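Protein chains in written order, with UniProt numbering: chain A, 1 to 275; chain B, 1 to 275; chain C, 1 to 275; chain D, 1 to 275; chain E, 1 to 275; chain F, 1 to 275. Yeah, the Cβ is synthetic: ideal placement off N, Cα and C, and Gly gets one too. Every value quoted in this text rests on a predicted model; they were computed, and no experiment measured them. Inspection log for the structure reproduced underneath, given as structure tokens.
Protein chains: 6
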Amino acid sequence: MSSYQFNTLQVEQTGDNVYHVQLNRPDKRNSIDDDMWKEIPQCFDSLGTDSSCRVIILSGAGKMFCSGIDLSVLAMLQDPNQEVARRAIAMRIGVKKFQDAFTSIEKCPKPVIASIHGGCIGAGSIDMTSACDIRLCSQDAFFSIKEVDMGLAADVGTLQRFPKIVGNDSLVRELVYTARNFSATEAKDIGFVSSVHADAKTLTDASIKLATNIASKSPVAITGSKINMNYSRDHSVDEGLNYIANWNMSMLQSEDLMTSVQAAMTKTPPKYKDL
Amino acid sequence: MSSYQFNTLQVEQTGDNVYHVQLNRPDKRNSIDDDMWKEIPQCFDSLGTDSSCRVIILSGAGKMFCSGIDLSVLAMLQDPNQEVARRAIAMRIGVKKFQDAFTSIEKCPKPVIASIHGGCIGAGSIDMTSACDIRLCSQDAFFSIKEVDMGLAADVGTLQRFPKIVGNDSLVRELVYTARNFSATEAKDIGFVSSVHADAKTLTDASIKLATNIASKSPVAITGSKINMNYSRDHSVDEGLNYIANWNMSMLQSEDLMTSVQAAMTKTPPKYKDL
Amino acid sequence: MSSYQFNTLQVEQTGDNVYHVQLNRPDKRNSIDDDMWKEIPQCFDSLGTDSSCRVIILSGAGKMFCSGIDLSVLAMLQDPNQEVARRAIAMRIGVKKFQDAFTSIEKCPKPVIASIHGGCIGAGSIDMTSACDIRLCSQDAFFSIKEVDMGLAADVGTLQRFPKIVGNDSLVRELVYTARNFSATEAKDIGFVSSVHADAKTLTDASIKLATNIASKSPVAITGSKINMNYSRDHSVDEGLNYIANWNMSMLQSEDLMTSVQAAMTKTPPKYKDL
Amino acid sequence: MSSYQFNTLQVEQTGDNVYHVQLNRPDKRNSIDDDMWKEIPQCFDSLGTDSSCRVIILSGAGKMFCSGIDLSVLAMLQDPNQEVARRAIAMRIGVKKFQDAFTSIEKCPKPVIASIHGGCIGAGSIDMTSACDIRLCSQDAFFSIKEVDMGLAADVGTLQRFPKIVGNDSLVRELVYTARNFSATEAKDIGFVSSVHADAKTLTDASIKLATNIASKSPVAITGSKINMNYSRDHSVDEGLNYIANWNMSMLQSEDLMTSVQAAMTKTPPKYKDL
Amino acid sequence: MSSYQFNTLQVEQTGDNVYHVQLNRPDKRNSIDDDMWKEIPQCFDSLGTDSSCRVIILSGAGKMFCSGIDLSVLAMLQDPNQEVARRAIAMRIGVKKFQDAFTSIEKCPKPVIASIHGGCIGAGSIDMTSACDIRLCSQDAFFSIKEVDMGLAADVGTLQRFPKIVGNDSLVRELVYTARNFSATEAKDIGFVSSVHADAKTLTDASIKLATNIASKSPVAITGSKINMNYSRDHSVDEGLNYIANWNMSMLQSEDLMTSVQAAMTKTPPKYKDL
Amino acid sequence: MSSYQFNTLQVEQTGDNVYHVQLNRPDKRNSIDDDMWKEIPQCFDSLGTDSSCRVIILSGAGKMFCSGIDLSVLAMLQDPNQEVARRAIAMRIGVKKFQDAFTSIEKCPKPVIASIHGGCIGAGSIDMTSACDIRLCSQDAFFSIKEVDMGLAADVGTLQRFPKIVGNDSLVRELVYTARNFSATEAKDIGFVSSVHADAKTLTDASIKLATNIASKSPVAITGSKINMNYSRDHSVDEGLNYIANWNMSMLQSEDLMTSVQAAMTKTPPKYKDL
């Protein structure tokens, strides 16, 4: 566990094969500073190859999930001494680094469940949680796509992922253009969260229960499902079918199929090896 | 009609230009065995070029729609005498054959209405019905994406088609990772079915009424709409517009346009030639 | 303002930086004749580069939004004196011209809000409004994808855009194949409109309020958001992230970021330059 | 061998694991009639799954390789009794059947070497041989993309495959637009054939020698190379890399790697199992 | 002919159905000024729909083909009074306008033959001629991709089209990075031009002869070939085959097929109607 | 310079802004061992962001360029203790790591010139040098795509990049399927190298001269050209044009344009700032 010591994240194992990652700057309302931008991909890259980890819960410590990017970070992007082209190239490198931080959640081969309470605002909200697999929230949660009010178009995932995971493009654009708050109920109605829970406590319980359930399944099946759903989102149906046909050339030779059959026949819970 | 004699499917014509295909292994809860994998594409390929057929209803005989892949089939995929690479190539051929079976429903140029009652589970559920155009169900229907519990990632269409036809990616992934049952109501809420009907009888009536309505339309317009919606799902808007511009180079020269105008002017139902 | 004089459209400025475009053939139920096909792209191309315009509302004058394509236009497409290939090429040019008319709404770098009351039918309905950013409607609105009843597959945007902006492909296909009317409530349920308003008056008020809100934001942020959401709809997440990283190379150097920060710090409304 | 009895093709095994397919209508200059269109995919589909076959040579019997599509076939496409739209749909089915015939050569998982002498004209020339992996010809070979002189754009592969396998788009278009003959030397210069041989006899010898060489290699390595080159031609470099990473998940576990290492160490020719 | 009056281009008809477009600022070595940027798309758009035109020759008046973009144009792009973001948006509009000018050559449905003598430098060289179908040059022609020496990456087509039409990416990049001159012989070796001619006079004769030959073919076949080759360059083989199958649904019903057959049988030159 | 200390690579600066990277295991014929796989991306990632570096030469120390992957590496991929699925996942991670090593050359924003003498074989040959921008070789160079002889399909770039940079797909496949050696002359004929030089000494001189020339150009123009050519190789022409239009929104505001103009006017060599 010593490898999961971070300044801005708290990581703990909660039950078999489930890890809980908390944004841990509660006094700063979990705003994302330069350290957190660096530690998020370190954390998810490590958990992604940690065979003891099968599912990850992501939440915020304190009163809210996340208040967005820390203004100190934006300031760093500006260097008035450079001419336009060289400054542009430096900014592109910076933006891509931030994008890669959230993409590490998507590329992590284990499911990530965002467990959202309180505010979920700006870069730390739709951008980050849209890169997660599943989103649950409490009734008090509220959301805002804040970037337009900062004078910029959201560039770390919201415009790219959010419209693809919900079913109401009209409302998506309304929320992007106005930067207004929207509630847990509205988030549920457009399909952004799977379920809304009474309060932070019941949300946590539901998140752990769901994570524990998924962690008990074959990790070969789970990681294959995530990788193939990510691929299929960005490809045609034919491409997606071709991809999984290649994937399953090896995976259907896994012992996990026999383990599953035997568990079903003996009506005992299956026990799968770690990846 | 003699061409529609199958071991595992029952095919009958129900009214003008409407065919009803039933999965017909009720004592096996319509599980998909090797015969059914072969007969499904034969059936839909034939109906696709049968000019007397304009719309197809797909349902299950007996107590449920389909209980999934028959375990006898999975066993066939394994051949312990082959080394890994040669076994992998054999499995890829097998998986692609199964994929092609369901894709024959999607490629069939006539609309296919899935009429679902009772259980709709595993390979015979989301995979098969996601390849249909329209899904109706009765209140007693329940669904499950069962593959994870068999130790594998779903490889015959669910991960490829299901997320593209509903509007809640968070719940989609929850259902895939947990393999839990979900109800008719939940299916309606996420946009998987168009409508829920009181029981199997009213479901059948509604399916036939809808099919008969569609069958009365211009088959040139209907087949063009299906082919272009399938294409557009997998392409950009610009590509989709370009595609239909080419398609309609010939189709706008059809006599069906004039037939439609005259029917509208004389307020009599139009009568279109078969394709 | 003299540049916005059209035969079939009425354009007026309603408040700072908001323009209101009305389909203005109320006695013809705003059916789209040859003039309107030409004037729509002229209007949106001009507004797109008019620095005084930041948001556009699109509505219909009189009793309904739009009754679809004027039959006089369809007749023009036919020229019985040409042989099939040459007629086909002429038709392709015609169809592409119509497609480009609606695509001009999508390509316009300012958000377009469709404000729909009464009937919204055929080519003038789902095709046109699907190319808008946001759709609001009144309770009395009803919709119909009429093309199948005219003997043709919809070729000016419905089949290409409509399924991508809502979250229920089953119902989309049912509506396409049957050409039946659907209500404001059904449109809300599947995510086609953001909100339903009591009547035409409250709808107009809500549209203006929303437009005015968006018009007060940074135009650099708004136009960047629209251009990037349009791009991302048609590309993978990775491509979308790469695109906005290039876009923001210059945009993050805008003075609008500093203007936004200063407004936030001084708690005064920001004032952004026109584009 | 009894399964390779065709009317229009002669198939024989020439040495270990090498099959020779000859277009066998020499009195008709190997023009492609309806039978040949049907037998080509039957032949290549069968050889594709025949474990005794690892490489295929394709040549023409008699004085030339192939004189193109038989005019009897084109006549069949026309049915003056159908209205334009229904005739168009029938033609599309016909064209796709022809396309699939040649695509069966490309999809065949074994390398196909076209061995071309004499005329290679029209549909039976560039279209068919462009779907092969390797092209060798004799000095007397000449080529012509004849379709423009028949009043149509080539629709069975030339326009799609030919420009992608050579390196001079200017000359490609000149050859397509003029339908002029081009020589073996010109074919070599633009990269359409690998090598030119003195006469038909030396061409045959060279073809067999090359085929025999390839047939001695690991069939796991050869089929993987063909499938991945076909895929990469149509995808970005990143997609191609991702594809082969999945492919080699199982293939790198093949015993053929160890067989190869042992052969290298013992300096004896490796002996690989059939696929 | 009165419609082809331009300040910077001279257009004349040279024989049946062949038009000759000349860059006509010989005293400025045919550098592309603002007028020429506007007139090029006007010219090619008009010729594209002029039924008397089937093939276009593009050459330069005076001592050379073209010396590149006129520096007066570049100056216009700069407006020091705008802040970075607003200047960037203005520049993007300007660059796209220039790109569209050359793309009008590619989109013109008639083949365009670039006939190049003397210098062919910068924006007026590889960018413009890469958008043509066929390139012929005289022995004295020389080429240079000049943009790097102006401090910018070529943005009107060279980097996008040039590498796709030749077969030596290593040399392409060498030429781009060094901006060095390359000769007619080198251009022929890498496949950029089809043929090299002794001098300007023989070049013109060869261009007219080639154009006249193409103009005598079925315009249905020629335009279909160009449109499909353009499409196929940018798509997979499968997409390209699907595209032409739709295209030929109408085109195979053309009378040009019968005209071609009858001409072949009667051994008389076919006579095709204009498009 | 202390940051460029590697076990397997020697890096030195040769003139202004030019770095020379040498594969430096001459006693092992520069075979790629585990260390070199790790150091290649470290080296190119560092040079990519080192502002003193504008161009990179890549060559091999000793008697040849590179003899391919070191067999010790292949052995590491195998772990007989794991079951098939888990071993497959471990191999995929390994292969992707190797792919990323060579892709770091392609992603490096500075041009990389491969300077090849002697043998260039297997993984260290076509795979690595195909990821470079420009390839020069000496007359004694020879090449071999060795993977098939090792029982596997090449999975670190050859099948993905090699066919896209040369103009003779027939010969490409012959070389892949046979693993035979090919000469400097053959490499030049198919467009794999730009030029062939008499011996290693003149090759080095030519490489340095070319690199020095490129290094004297605007780094804004050079890096933009490389990034856009890489992008365009994998996208349609329209996508490529759109990409560079966004790129040049900021780059055309660079001071390098004015620097270039002034240098041209004063006929003095321009002096550009580092990136």
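Check: Can you pull the DSSP bridge partners for Y19/F?
Finding: Q13/F, I56/F
Checklist line | Run of the beta strand (DSSP E) containing C120/A, from where it starts to where it stops | finding: 119-121
Next item on the list: For my contact list, M150/A and L257/C are in at a C-beta cut-off of 8 Å; report their separation, rounded to the angstrom.
Entry: 7 Å
Margin query: Using a 10 Å radius around the Cβ and a threshold of 16 neighbouring Cβ atoms, would you call S2/A buried or exposed?
Written below: The predicted model places S2/A with a pLDDT of 48, which falls under 50 and marks its position as unreliable, so this point remains unresolved.
Notebook entry, point to check: Would S144/F pass as a contact of A179/F if the rule is Cβ separation under 8 Å?
Noted result: yes
Next item on the list: Within its chain, find whatever has a CB closer than 7 Å to the CB of P109/F; leave out the 5 residues flanking it on each side and keep chain order.
Entry: G48, T223, K226, I227
Item checked: Interface partners of M229/B on chain E, CB under 8 Å -> Neighbours of M229/B on chain E: none; closest Cβ ~15 Å, over 8 Å.
Next item on the list: Could you spell out the range, first to last residue, of the beta strand (DSSP E) harbouring L136/E?
Entry: 134-138
Note to self: Do V237/D and P160/F have their beta-carbon atoms positioned less than 8 Å apart in this structure?
What the structure shows: The sequence given here places Gln at residue 160/F; Pro does not occur at that position. Yes.
Note to self: Can you tell me where the alpha helix (DSSP H) holding N181/F begins and where it ends?
What the structure shows: It is not in any alpha helix (DSSP H) - N181/F instead sits in the beta strand (DSSP E) that spans 181-183.
Check: In chain order, what residues of the segment 249-264 of chain D put their CB closer than 7 Å to some CB of chain F?
Finding: M249, S250, M251, L252, Q253, S254, D256, L257, T259, S260
Note to self: Against chain G, which members of the segment 81-110 of chain B pass a CB distance test of less than 8 Å?
What the structure shows: In summary, chain G is missing from the structure at hand, where the protein chains are A, B, C, D, E and F.
Notebook entry, point to check: Closest Cβ-Cβ distance between V193/B and chain C: below 8 Å?
Noted result: yes
Margin query: Suppose the cutoff is 7 Å on Cβ atoms and the five residues either side in sequence are ignored; what does the same chain contact list for A153/B look like?
Written below: E147, L159
Notebook entry, point to check: Which same chain residues, not among the five before or five after N230/C, have their C-beta less than 7 Å away from its C-beta?
Noted result: E106
Item checked: Residue closest to L136/F, alpha-carbon to alpha-carbon, out of P80/F, N168/F, D100/F, G60/F -> G60/F
Checklist line | Boundaries (first-last residue) of the beta strand (DSSP E) holding I116/D | finding: 112-116
Check: Going along the chain, which residues of the segment 205-217 of chain C sit with their C-beta nearer than 9 Å to a C-beta in chain A?
Finding: L210, N213, I214, K217
Next item on the list: Buried or exposed for D45/E, please, with buried defined as at least 16 other CB atoms from any protein chain shown within 10 angstroms of its CB.
Entry: exposed
Margin query: Given a cut-off of 8 Å on the beta-carbon distance, is the pair V18/C and V11/C in contact?
Written below: no
Notebook entry, point to check: In angstroms, rounded to a whole number, what distance separates the CA positions of E174/B and D100/C?
Noted result: 41 Å
Next item on the list: Could you check which residue in R92/B, K188/B, N7/B has the C-alpha nearest to that of N168/C?
Entry: K188/B
Item checked: Integer-rounded CB distance, given that D127/A should sit under 8 Å from G157/A -> 4 Å
Notebook entry, point to check: A75/A: buried (16+ other C-beta within 10 angstroms of its C-beta) or exposed?
Noted result: exposed
Notebook entry, point to check: So the beta strand (DSSP E) V261/B belongs to, where does it begin and stop?
Noted result: Counting along the chain, V261/B falls outside any beta strand (DSSP E), though it belongs to the alpha helix (DSSP H) covering 255-266.
Margin query: Suppose contacts are defined by Cβ-Cβ distances below 8 Å. Is A123/E in contact with I69/E by that definition?
Written below: yes
Check: When you compare each of F98/C, C53/C, V84/C, D16/C to D35/C by their alpha carbons, which one comes out closest?
Finding: F98/C
Notebook entry, point to check: Do S72/B and I134/A come within 8 Å of each other at the CB atom, strictly closer than that value?
Noted result: no
Item checked: Selected residue, minimal CA-CA separation from F142/C, among A131/C, N7/C, C66/C -> C66/C
Margin query: Against chain B, does L175/A count as a neighbour if the rule is that its beta carbon must be under 8 Å from one of theirs?
Written below: no
Margin query: The alpha helix (DSSP H) that contains V196/E, what's its start and end?
Written below: From DSSP, V196/E is part of no alpha helix (DSSP H) but of the beta strand (DSSP E) over 195-197.
Next item on the list: For E83/D, count neighbouring C-beta atoms within 10 Å of its own C-beta (all shown protein chains included) and say buried if the count is 16 or more, exposed if not.
Entry: exposed
Margin query: Need the endpoints of the beta strand (DSSP E) that S144/A sits in, please.
Written below: 142-144
Next item on the list: Would you kindly check if the distance between the Cβ of P163/E and the Cβ of R233/F is under 8 Å?
Entry: yes
Notebook entry, point to check: Any idea if G15/B is buried or exposed, counting beta-carbon neighbours within 10 angstroms, 16 or more meaning buried?
Noted result: exposed
Check: Applying a beta-carbon distance threshold of less than 9 Å, which residues of chain C neighbour R135/A?
Finding: Near R135/A there are no residues of chain C at all, since even the closest Cβ is about 15 Å away, more than 9 Å.
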